[in-house]
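Trainee: My questions all concern the structure below.
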């Protein structure tokens, strides 16, 4: 979880989602929270799949996420 939060902070502070000076601290915090919650959700889904509560393996989850991301973006 700490790595997920750390990655979210690095992504925002390096300007991936816009210049932090231009978008402001409030928006930066919202983006960090959004990325952290999304990362935590992926971690939970992976744990559920690896424990056998769904069909398939944990690696299939990441393949499905990639397909969804490609389709939606």
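Residue numbers (the numbering used here): 306 to 378. All residues carry an ideal CB built from backbone N, CA and C; glycine is no exception. Note that the structure is predicted; figures quoted are calculated from it, not measured.
(1) Could you give the C-beta distance for residue 314 and residue 337, rounded to a whole number, given that I count them as a contact under 8 Å?
(2) For the alpha helix (DSSP H) that contains residue 346, what are its first and last residues?
(3) Taking the CB atoms as reference points, tell me whether residue 319 and residue 345 lie closer together than 8 Å.
(4) For residue 375, which of helix, strand or coil comes out of DSSP?
(5) Beta-carbon within less than 6 Å of residue 312's beta-carbon, same chain only, minus the 5 sequence neighbours each way: which residues are those?
(6) For residue 322 and residue 352, what's the separation of their Cα atoms in angstroms?
Mentor: Answer, in terms of the structure:
(1) 6 Å
(2) 325-355
(3) no
(4) helix
(5) none
(6) Rounded to the nearest whole angstrom, the C-alpha separation of residue 322 and residue 352 is 29 Å.
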